[in-house]
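Just below is one structure, and these are the notes that go with it.
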Amino acid sequence: MRITYACPACHATATRDGVESLPALECPACGTKVAVPSDAFAAGTPPRLRRCLVCPSTELFVRKDFPQRVGLGIVVAGLAASCVAWAFRELVITFGILFGTALVDVVLYLVMPDCLSCYRCGARYRGAGGGFGGFDLETHEKHRQQAARLRAGAHHGP
Ligand SMILES: [Zn+2]
Ligand SMILES: [Zn+2]
54 MRITYACPAC
64 HATATRDGVE
74 SLPALECPAC
84 GTKVAVPSDA
94 FAAGTPPRLR
104 RCLVCPSTEL
114 FVRKDFPQRV
124 GLGIVVAGLA
134 ASCVAWAFRE
144 LVITFGILFG
154 TALVDVVLYL
164 VMPDCLSCYR
174 CGARYRGAGG
184 GFGGFDLETH
194 EKHRQQAARL
204 RAGAHHGP
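Our numbering applies: residue 54 is where the sequence shown begins, and numbers increase by one.
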């Protein structure tokens, strides 16, 4: 299982492989260690993630492990190519390119594996197994408001 998370101390993005056998996550930038909770994994092969290892919230959601930059790059490249074809009055090729790039995007999205993401801290897990649902706006709002309250509390004191 691989985790990609933002270090709570220095906010650097860290990636760790094989987290199910690690006692703690160590930040490669500042060395801060986040202990992995002992109940973080459900037994099985492969072990299934039960809670976020960083915050450690139990609310995670399934999303596609699709790099948005790649998707956007394909669309932009397709648009540029279709503009060139359009300039040469190649109507069929123009629409062929537009349709083709849309299709490539859809196919890429379908073949991309799922990953888990934490509502609270945004950590992402690859190969973490099932047991969680898709994105839920209400849960997202709850965590967003909690974070806002925490910030306000830290500011004014208890
Ligand atoms: Zn760090
Ligand atoms: Zn988290």
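Glycine included, each C-beta is placed from N, C-alpha and C at the ideal position.
Just so we're clear, the structure is a prediction, and the values are computed from it rather than from any experiment.
CA-to-CA distance, residue j to residue i, given in whole angstroms
{"i": "aspartate 189", "j": "valine 115", "result": "10 angstroms"}
{"i": "alanine 181", "j": "lysine 195", "result": "24 angstroms"}
{"i": "phenylalanine 141", "j": "arginine 204", "result": "57 angstroms"}
{"i": "aspartate 92", "j": "alanine 207", "result": "29 angstroms"}
{"i": "alanine 176", "j": "valine 159", "result": "25 angstroms"}
{"i": "cysteine 171", "j": "glycine 149", "result": "39 angstroms"}
Near ligand 3: residue i beta-carbon under 7 angstroms from a heavy atom
{"i": "cysteine 80", "result": "Judged by which ligands are present, ligand 3 is missing from the structure shown, whose ligands are ligand 1 and ligand 2."}
Cβ neighbours of residue i in the same chain (closer than 8 angstroms, five flanking residues each side left out)
{"i": "proline 76", "result": "Ala88 and Val89"}
Top-ranked residue by Cα proximity to residue i, from the options
{"i": "leucine 37", "options": "Val107, Cys108, Pro166 and Ala133", "result": "No answer is possible for residue 37: it lies beyond the span of the chain, which begins at 54 and ends at 211."}
{"i": "tyrosine 58", "options": "Gly71, Arg142, Leu106 and Cys136", "result": "Leu106"}
{"i": "cysteine 174", "options": "Ala140, Asp92 and Thr111", "result": "Thr111"}
{"i": "glycine 186", "options": "Ala201, Arg202, Asp167 and Gln199", "result": "Asp167"}
Proximity below 8 angstroms, CB of residue i to CB of residue j
{"i": "alanine 138", "j": "isoleucine 127", "result": "no"}
Other residues of its chain near residue i: CB distance less than 7 angstroms, five sequence neighbours each side excluded
{"i": "proline 100", "result": "Glu73 and Phe94"}
{"i": "proline 81", "result": "Ala67"}
{"i": "arginine 104", "result": "Pro90, Ala93, Ser110 and Thr111"}
Which residues count as close to ligand 2 when the rule is a CB under 6 angstroms from any of its heavy atoms, in chain order?
Cys105, Val107, Cys108, Ser110, Cys171, Arg173, Cys174 and Ala176
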